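In the numbering used here, the protein residues as written are 19 to 355.
We put the beta carbon where it would ideally sit given N, CA and C, even for glycine.
Predicted model only: the values in this text are computed from it and were never measured.
The structure appears right after this line, and notes come after that.
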């Protein structure tokens with residue numbers, strides 16, 4: 019068993035979930051704050067957002083949101099959970115950092131990133147590389163938001179990798195300042211990922227292709243095509259998307275060895291299992307239960323405790339965060355219950 023994961027699970031009072039119906043009843047029988055669909059302001063062309071004392075400007079596309087584009091448009095605007103999640107995942111006090119599950123050497127992938135780029139902007143300064151994925155329509159505004167906020171320098175990154183003062187870009191920026199701004203987001207890559215058609219094992223190649231490098235594996239070592247952290251923020255709202263979403267999560271996580279609680283080996287040559295964090299707003303209990311039932315086939319699941327989540331995401335806020343670790347293989351055959 020990978021020791022940091024075991025320590026995290028043992029010391030954070032996070033509860034393992036084994037029954038989808040029971041978990042759905044427990045969570046949705048409590049009073050849930052009214053947050054409507056979950057948009058911050060779907061009619062604004064831009065929004066100002068503060069994360070850990072840093073101010074970001076998020077450009078949106080209300081026109082695209084209201085269009086009849088096939089394949090959906092929900093990623094065209096900012097959702098309320100995203101700033102909260104970005105603040106939590108990038109905080110130096112987050113137990114994922116204090117238990118060494120994340121570090122300055124971590125490679126992170128995000129599913130369904132949307133246009134805001136907020137999670138990438140908040141987390142990327144603390145990790146080695148951040149790969150954001152979504153549909154092609156997201157790319158242009160995502161890049162706009164990266165460029166607009168490249169000069170926001172976190173006062174202290176979670177890993178301690180980058181420290182400095184907050185600065186904002188201006189028309190009087192020097193050429194040196196522009197170069198620094200570009201460098202601040204140079205470890206963020208966007209690529210399209212179709213949950214039904216694309217091959218997750220090719221994802222890491224997008225990073226290597228953009229950087230002009232390769233896997234970094236030593237000669238004779240097997241190439242690591244996996245990620246340290248896979249995260250998704252508010253992608254579970256449509257029952258038709260549940261199966262391809264869960265399958266994609268499982269395929270990405272299985273690019274690394276599965277979590278095995280009976281394995282006491284701590285060999286450094288074996289990469290850490292991929293940790294999958296799924297954050298979502300509480301909406302329809304039937305959709306949530308469908309997601310969890312499908313997820314339990316592929317993963318062991320823990321609901322993160324209030325102690326881990328803090329005020330912004332704890333129970334009663336209307337948001338849920340679960341940690342997933344892939345099983346060696348599906349618990350049930352396709353179509354099982």
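CB-CB length for residue i against residue j, believed under 8 Å
| i | j | result |
| --- | --- | --- |
| residue 251 | residue 137 | 6 Å |
| residue 149 | residue 209 | 7 Å |
| residue 337 | residue 290 | Not a contact, Cβ separation roughly 26 Å. |
| residue 165 | residue 131 | Residue 165 to residue 131, Cβ: 16 Å. No contact. |
| residue 253 | residue 263 | 6 Å |
| residue 160 | residue 135 | 5 Å |
| residue 126 | residue 322 | So it is not a contact: roughly 17 Å between Cβ atoms. |
| residue 341 | residue 32 | 7 Å |
| residue 213 | residue 266 | 4 Å |
Per DSSP, cross-strand counterpart(s) of residue i
| i | result |
| --- | --- |
| residue 319 | 35, 342 |
| residue 68 | 73 |
| residue 241 | The partner list for residue 241 (beta bridge, DSSP) is empty, contrary to what the question assumes. |
| residue 298 | 338 |
| residue 57 | 97 |
| residue 293 | 247 |
First and last residue of the uninterrupted beta strand (DSSP E) at residue i
| i | result |
| --- | --- |
| residue 267 | No beta strand (DSSP E) contains residue 267, which is instead part of the alpha helix (DSSP H) from 257-271. |
| residue 208 | 206-210 |
| residue 215 | Here residue 215 belongs to no beta strand (DSSP E), and DSSP marks it neither H nor E. |
Host alpha helix (DSSP H) of residue i (start-end)
| i | result |
| --- | --- |
| residue 100 | 99-107 |
| residue 116 | 113-116 |
| residue 126 | Taken as a continuous stretch (DSSP letters only), residue 126 belongs to no alpha helix (DSSP H), being part of the beta strand (DSSP E) at 125-129. |
| residue 28 | 21-29 |
| residue 247 | From DSSP, residue 247 is part of no alpha helix (DSSP H) but of the beta strand (DSSP E) over 247-251. |
| residue 326 | 324-327 |
Spatial distance of residue i from residue j (CA atoms)
| i | j | result |
| --- | --- | --- |
| residue 77 | residue 278 | 43 Å |
| residue 426 | residue 74 | The structure shown does not extend to residue 426, since the chain spans only 19 to 355, so no value can be given for it. |
| residue 133 | residue 157 | 7 Å |
| residue 307 | residue 122 | 35 Å |
| residue 11 | residue 256 | The requested residue 11 is not part of the displayed model; the chain covers only 19 to 355. |
| residue 268 | residue 66 | 35 Å |
| residue 167 | residue 119 | 27 Å |
| residue 320 | residue 311 | 13 Å |
| residue 113 | residue 46 | 26 Å |
| residue 104 | residue 72 | 12 Å |
| residue 143 | residue 70 | 13 Å |
| residue 358 | residue 243 | Here the chain comprises residues numbered 19 to 355, so residue 358 is not present and cannot be evaluated. |
| residue 38 | residue 288 | 32 Å |
| residue 24 | residue 95 | 37 Å |
Write down every uninterrupted run of the beta strand (DSSP E) in the stretch 136-167 whose length is 3 residues or greater and which is fully enclosed by it, in chain order.
147-152
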